[in-house]
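Below is one structure, written out as structure tokens; comments come after it.
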Amino acid sequence: MCDVLIAEDEPTILETLSFLLGRAGWSVASVTDGAAVLDMVRRTRPGMLVLDVMLPGRSGLDILRSLRTDPEQADMPVLILTARGQSHDRQLALDLKADGFISKPFANDDVVDEVQRLLGQRAARIAASG
Amino acid sequence: MLSPDFVILTAVAYVGLLFALAYVSDLRARQGRAGFLRSPLVYTLSISVYCTSWTFYGAVGTAARNGLEFMAIYMGPTLVFVGWWFLLRKLLRIAHGQRITSIADFLSSRFGKSSKLAILVTVIAVVTITPYIALQLKAVTTSIQVISTADGRGRLAGLGDAGLGLAVAMGMAVFTILFGTRNVDAREQHPGVVAAIAFEASVKFVALVAVGLFVVFGLSDGPAQIYARAAEAGFTIHEPGPFGSRWVTVLFLSACAVICLPRQFQITVVENADENHLRTAAWAFPAYLLLMSLFTLPIAFYGLATMPEGSNPDMFVLTLPMAADQNALALFAFIGGFSSATSMIIVASIALSIMVSNHIVLPLALRFTRDLAAHEAQGIARLLLVSRRTSIAVILFLGFIYFWLTGESGALAPIGLISFAGVAQFLPALLAALYWRGATVRGALAGMGLGFAVWGWTLFLPSFAAGSDMVAGLLARGPWGIAALRPQALFGMGDTDPLVHSLFWSMLLNAGMLVLTSLATRQDRLERIQAGVFVDVFRSGQRGQGHGGTGRAIRSTATADDLFFLAERVLGWQRARALFEDAGIRHGAHARGADAPPAFVIRLERELASSIGAASAHILLSKVVRGDALSLDEVMQIADETLQVISHSNELEKKSNELRQTARQLQEANAKLHALHRQKDDFLSQVSHEVRTPMTSIRSISEILMRQPDLDEAQRDRFVGLIHHESVRLTRLLDEILDLSALEHGERDWENHPVDPEAALSRAMEVCDAIARQRNIGFSREHAPVPVVVAGDSDRLCQVFINIIANAIAHNRDPEPRVHVRSRVTATEYQVEIMDNGAGIAPEFRATIFDKFVRIGEAGNTGGAFPGLGLGLNISHTIVRKLQGRIELVEGALPGACFRISLPLCPAAPPALEGSCQAGASS
Numbered sequence: 001m002c003d004v005l006i007a008e009d010e011p012t013i014l015e016t017l018s019f020l021l022g023r024a025g026w027s028v029a030s031v032t033d034g035a036a037v038l039d040m041v042r043r044t045r046p047g048m049l050v051l052d053v054m055l056p057g058r059s060g061l062d063i064l065r066s067l068r069t070d071p072e073q074a075d076m077p078v079l080i081l082t083a084r085g086q087s088h089d090r091q092l093a094l095d096l097k098a099d100g101f102i103s104k105p106f107a108n109d110d111v112v113d114e115v116q117r118l119l120g121q122r123a124a125r126i127a128a129s130g
Numbered sequence: 001m002l003s004p005d006f007v008i009l010t011a012v013a014y015v016g017l018l019f020a021l022a023y024v025s026d027l028r029a030r031q032g033r034a035g036f037l038r039s040p041l042v043y044t045l046s047i048s049v050y051c052t053s054w055t056f057y058g059a060v061g062t063a064a065r066n067g068l069e070f071m072a073i074y075m076g077p078t079l080v081f082v083g084w085w086f087l088l089r090k091l092l093r094i095a096h097g098q099r100i101t102s103i104a105d106f107l108s109s110r111f112g113k114s115s116k117l118a119i120l121v122t123v124i125a126v127v128t129i130t131p132y133i134a135l136q137l138k139a140v141t142t143s144i145q146v147i148s149t150a151d152g153r154g155r156l157a158g159l160g161d162a163g164l165g166l167a168v169a170m171g172m173a174v175f176t177i178l179f180g181t182r183n184v185d186a187r188e189q190h191p192g193v194v195a196a197i198a199f200e201a202s203v204k205f206v207a208l209v210a211v212g213l214f215v216v217f218g219l220s221d222g223p224a225q226i227y228a229r230a231a232e233a234g235f236t237i238h239e240p241g242p243f244g245s246r247w248v249t250v251l252f253l254s255a256c257a258v259i260c261l262p263r264q265f266q267i268t269v270v271e272n273a274d275e276n277h278l279r280t281a282a283w284a285f286p287a288y289l290l291l292m293s294l295f296t297l298p299i300a301f302y303g304l305a306t307m308p309e310g311s312n313p314d315m316f317v318l319t320l321p322m323a324a325d326q327n328a329l330a331l332f333a334f335i336g337g338f339s340s341a342t343s344m345i346i347v348a349s350i351a352l353s354i355m356v357s358n359h360i361v362l363p364l365a366l367r368f369t370r371d372l373a374a375h376e377a378q379g380i381a382r383l384l385l386v387s388r389r390t391s392i393a394v395i396l397f398l399g400f401i402y403f404w405l406t407g408e409s410g411a412l413a414p415i416g417l418i419s420f421a422g423v424a425q426f427l428p429a430l431l432a433a434l435y436w437r438g439a440t441v442r443g444a445l446a447g448m449g450l451g452f453a454v455w456g457w458t459l460f461l462p463s464f465a466a467g468s469d470m471v472a473g474l475l476a477r478g479p480w481g482i483a484a485l486r487p488q489a490l491f492g493m494g495d496t497d498p499l500v501h502s503l504f505w506s507m508l509l510n511a512g513m514l515v516l517t518s519l520a521t522r523q524d525r526l527e528r529i530q531a532g533v534f535v536d537v538f539r540s541g542q543r544g545q546g547h548g549g550t551g552r553a554i555r556s557t558a559t560a561d562d563l564f565f566l567a568e569r570v571l572g573w574q575r576a577r578a579l580f581e582d583a584g585i586r587h588g589a590h591a592r593g594a595d596a597p598p599a600f601v602i603r604l605e606r607e608l609a610s611s612i613g614a615a616s617a618h619i620l621l622s623k624v625v626r627g628d629a630l631s632l633d634e635v636m637q638i639a640d641e642t643l644q645v646i647s648h649s650n651e652l653e654k655k656s657n658e659l660r661q662t663a664r665q666l667q668e669a670n671a672k673l674h675a676l677h678r679q680k681d682d683f684l685s686q687v688s689h690e691v692r693t694p695m696t697s698i699r700s701i702s703e704i705l706m707r708q709p710d711l712d713e714a715q716r717d718r719f720v721g722l723i724h725h726e727s728v729r730l731t732r733l734l735d736e737i738l739d740l741s742a743l744e745h746g747e748r749d750w751e752n753h754p755v756d757p758e759a760a761l762s763r764a765m766e767v768c769d770a771i772a773r774q775r776n777i778g779f780s781r782e783h784a785p786v787p788v789v790v791a792g793d794s795d796r797l798c799q800v801f802i803n804i805i806a807n808a809i810a811h812n813r814d815p816e817p818r819v820h821v822r823s824r825v826t827a828t829e830y831q832v833e834i835m836d837n838g839a840g841i842a843p844e845f846r847a848t849i850f851d852k853f854v855r856i857g858e859a860g861n862t863g864g865a866f867p868g869l870g871l872g873l874n875i876s877h878t879i880v881r882k883l884q885g886r887i888e889l890v891e892g893a894l895p896g897a898c899f900r901i902s903l904p905l906c907p908a909a910p911p912a913l914e915g916s917c918q919a920g921a922s923s
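From first to last, the protein sequence lines stand for chains G and A. Residue numbering for the first sequence is 1 to 130, as defined by UniProt numbering. Residue numbering for the second sequence is 1 to 923, as defined by UniProt numbering.
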């Protein structure tokens with residue numbers, strides 16, 4: 001059980017993201033292989049998922065699609081990270097009901113704010129549902 | 001002696017028999033049961049209409065007077081039928097195809113359906129045949145006189161020669177009219193007449209042979225005795241020089257005559273039912289002639305030796321049996337001679353009447369008749385019939401006039417030769433018609449006209465000398481006293497035989513004029529077409545046969561009603577209707593003024609031509625046909641235009657093919673451009689991604705460093721190190737992109753020269769050795785056993801080796817990592833294999849491993865000194881391809897990946913080892 005699961009294959013980015021979110025007070029887990037992401041989600045039951053699109057093994061958007069069809073995980077907040085800034089990636093992500101979208105390179109604050117927002121939403125929803 | 005009444009009655013009865021025979025034959029032919037009537041035998045027998053009373057009686061006379069000259073009369077036709085059958089065959093083929101009705105029609109048709117020529121031929125024919133008919137009249141008259149008098153010299157009581165002649169002529173006229181123009185149907189084949197002629201041929205043959213046998217074996221003891229007696233009586237049996245110029249002339253004339261005589265043309269060509277009958281005739285007719293001539297000499301000699309002085313040798317055939325009191329045989333011989341005469345008169349006058357009515361009367365009638373409708377329904381057919389009957393009467397009357405005018409003068413043979421010489425004037429034009437395409441109608445007219453004039457002057461005119469003092473004077477002194485123009489001594493050629501003389505001048509001038517005028521004049525279109533049809537009748541094969549209307553294109557047509565109206569008047573209602581129904585042409589109330597197709601107009605013209613001759617049919621049709629026949633020039637023009645259209649459309653097709661090709665090329669180029677565009681987009685997208693990744697780290701870490709002052713020293717150093725690492729990565733990425741671009745665009749091309757690849761490999765291994773040691777990798781090498789030279793650039797080669805080795809080191813996650821480099825030499829190649837014991841290349845990447853930005857190795861295992869950037873292998877691949885080599889993924893000795901680089905061996909001798917290999921994957 002952790003607050004944020006980061007699915008990112010670039011070791012340096014993963015390191016900085018972990019540092020950032022850790023410093024902001026969340027517990028962070030990470031996965032670098034696309035094929036292992038869903039398994040990791042089920043095992044760690046994170047508060048949210050930071051998902052890179054260009055993952056080896058399985059594409060981030062593909063993972064998102066599976067995630068949204070799984071009733072247990074359907075409401076998992078997902079923040080999409082991509083180095084491909086094209087708008088059609090963003091549209092694709094939104095169509096797949098991604099909760100947030102940030103393109104690389106990003107401002108650290110933007111990432112922290114988004115994580116904050118998504119975790120807050122989730123907390124509110126859990127509170128509302130009882 | 002026989003009573004004249006009995007003789008005449010016998011003759012009339014015989015004619016009645018002939019008539020019955022002809023009638024039955026006609027009937028059978030109409031019912032389509034011609035059978036025997038259309039056999040080669042009947043055809044051959046009918047051709048022997050050649051043997052007239054001249055031959056029957058006259059040959060003996062000729063033999064008695066001129067010895068072997070009579071043989072020439074038989075040999076000419078024999079030569080033609082045996083030796084010139086191909087000429088006859090061509091005549092037949094053309095005549096069938098063109099529905100020729102007479103020799104005048106034949107010549108006119110060949111020379112552009114010329115009416116003038118048809119008229120000239122007709123006139124010549126009438127003038128030359130008139131003496132011939134007179135000859136028959138004379139023979140019949142004389143024979144009747146002879147057979148009904150006691151001593152063979154007396155006269156028929158109560159009737160002079162002239163009266164008897166006139167009576168015979170009138171009888172013949174009636175007979176011929178009844179025979180030849182009985183039918184309203186004016187088609188020019190007369191199976192009934194042909195049957196009668198064939199019968200007569202048999203009768204005269206049997207009669208002559210009977211007389212011959214009687215004379216040779218009845219009166220004497222075989223031929224030997226006859227010759228002996230004749231020799232005793234002082235006759236020359238073996239003439240010293242029988243084959244002189246006159247003999248040759250007679251031979252030539254008789255050869256001409258068997259082709260050119262209107263009656264021969266009628267029987268041989270027009271009445272011919274089947275071209276193949278000619279094969280039989282080619283031997284049977286000469287055989288007939290031979291048998292006919294067999295007894296000529298014995299009869300002549302026996303007659304000369306036994307008959308009293310002054311007997312007419314022409315009548316020996318009759319007088320010899322009579323002298324022996326063999327009246328029945330004499331009567332049979334008389335019937336034989338009568339047969340010869342009547343058959344000639346019938347056929348000749350039919351042939352002439354066809355020519356006269358088709359070529360003279362009808363054109364005149366057409367010229368003076370503007371409106372065909374003015375005639376009653378059977379107008380033209382009736383006109384034809386009437387004109388034919390009249391023609392027959394007139395021709396026989398003319399014959400009688402000649403007979404009357406020449407009186408007692410000539411023997412039979414000279415009259416016949418005059419006719420032969422006259423019709424010989426057709427020969428040059430006829431031969432030209434068959435074999436000389438360039439002969440023109442003017443040439444034919446001029447030649448024939450001149451020849452005819454010369455014949456008239458030198459031969460025909462002198463035949464009146466006995467009856468006219470004026471003619472005798474001309475012969476002696478020449479016109480206006482000009483000796484050079486004396487009829488029988490033109491230009492001083494006086495000492496030759498008159499016949500030879502006449503033939504020499506007439507044929508020379510005729511043929512000469514024909515050739516010269518033809519060369520000097522041009523053919524018009526119809527002539528040119530007809531000339532082709534005639535001359536090339538065999539070459540054009542079936543076409544000539546089928547195209548009665550010839551190649552002449554009739555653009556125009558006429559309403560079916562007009563055509564029917566016309567056809568009805570010429571052919572009769574029944575035939576016209578049959579013709580129209582056969583062609584499926586409607587007429588009358590159903591047609592509503594519809595046009596008949598041009599092909600039908602051509603067919604109708606051919607049908608009409610078979611009745612009234614080509615020229616008249618042409619004139620007649622042109623009265624109702626709208627527009628003109630196309631001129632040859634127009635046809636050529638149309639053909640040219642068609643050709644142009646064809647070539648245009650060919651050009652267009654070529655153009656459109658080119659366009660299609662261009663379009664396809666454009667499409668391909670477009671597709672290629674699209675692909676390139678997509679590749680560029682992908683590339684840019686990839687580059688962007690590859691650049692953004694280190695940029696992300698750099699920016700993120702920089703922000704951390706800026707915002708987090710409370711970082712400990714170690715952490716700070718770590719972050720700064722990462723920034724540096726990512727910067728180096730970024731730099732290398734940009735370098736690789738530039739390098740790749742340069743390689744692909746050939747900007748930084750290099751010259752290949754012989755290098756030692758082993759040296760380059762050693763340098764690469766030195767460079768990689770440091771990293772290998774850093775990673776604790778077992779690094780081993782196997783050298784090539786022999787010195788190697790390849791063509792290449794050692795720096796680039798080194799770059800490729802470093803790239804592959806670095807990859808092998810970087811991606812090896814084995815606990816005991818090993819990289820083995822092995823080089824070897826095959827027959828043609830230098831090969832380097834770089835293998836590791838790592839995880840190997842996943843199957844899904846094997847196909848695309850050398851593409852741009854393909855990351856190899858396992859997920860999350862990138863990094864190290866040479867993290868997978870996706871460009872290194874692509875660059876290596878490009879370089880190796882430029883060195884004419886290959887780089888491929890193979891199964892190696894170690895469990896991991898194995899890259900094999902193969903380079904062609906350089907045949908050049910010792911390598912100039914230059915250059916150095918820089919450290920790093922790129923230069």
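Glycine included, every Cβ here is placed at the ideal spot set by N, Cα and C. The structure displayed is predicted, hence computed values, not measured ones.
CA-to-CA, the gap between G/R42 and A/N874 works out to about 39 Å. Collapsing the DSSP output to three states places A/R818 in a strand. Put simply, the CB of A/H689 is near chain G, with a gap under 9 Å to one of its CB atoms. Around A/V42, the same chain offers F36, V194, A195, A198 as residues with beta carbons nearer than 8 Å, after the five sequence neighbours per side are excluded.
Straight-line measurement puts the Cα of A/H648 at about 60 Å from the Cα of A/W455.
Counting only residues of its own chain and dropping the five nearest sequence neighbours on each side, A/F106 has a CB closer than 6 Å to the CB of I100. In the structure shown, A/S353 falls within a helical segment according to DSSP collapsed to helix, strand and coil. DSSP places G/L51 inside the beta strand (DSSP E), whose first and last residues are 48 to 52. In this structure, G/F101 places its C-beta atom within 9 Å of the C-beta atom of G/R90.
Per the Cβ contact rule, the segment 114 to 123 of chain G is not in contact with the segment 120 to 139 of chain A (fewer than 3 Cβ pairs under 8 Å). A/T731 does not reach chain G, its nearest Cβ partner there being about 15 Å away, counting only Cβ pairs nearer than 9 Å. In the DSSP assignment, A/D712 falls outside any alpha helix (DSSP H), carrying neither H nor E. Rounded to the nearest whole angstrom, the C-alpha separation of A/M75 and A/Y50 is 12 Å.
Against G/E114, chain A offers no close residue; the least beta-carbon distance is about 14 Å (beta-carbon pairs closer than 7 Å).
The three-state secondary structure of A/E782, taken from DSSP, is strand. Runs of the alpha helix (DSSP H) lying entirely within the UniProt domain "Response regulatory" (3 to 119) of chain G, each at least 4 residues long, are 11 to 23, 37 to 44, 60 to 69, 87 to 95 in chain order.
With respect to A/T296, A/F70 sits close: the two C-beta atoms are nearer than 9 Å. Assignment of A/D561 by DSSP, reduced to helix, strand and coil, places it in the helix class. Taken in chain order, the complete alpha helix (DSSP H) segments of 4 residues or longer contained in the segment 83 to 120 of chain A are 85 to 98, 103 to 110. As DSSP reads the structure, A/H753 sits in a beta bridge with A/G792. In the three-state DSSP reduction, A/S254 falls in the helix class (H, G or I).
Secondary structure note for A/I901: it is in no alpha helix (DSSP H), and the uninterrupted beta strand (DSSP E) holding it is 898 to 904.
Taking 7 Å as the upper bound on Cβ-Cβ separation, chain G lies near residues L722, E726 of the segment 711 to 741 of chain A.
With three or more CB-CB distances shorter than 8 Å, the segment 259 to 268 of chain A counts as touching the segment 349 to 362 of chain A.
For A/I887, no alpha helix (DSSP H) encloses it; the enclosing beta strand (DSSP E) starts and ends at 886 to 889.
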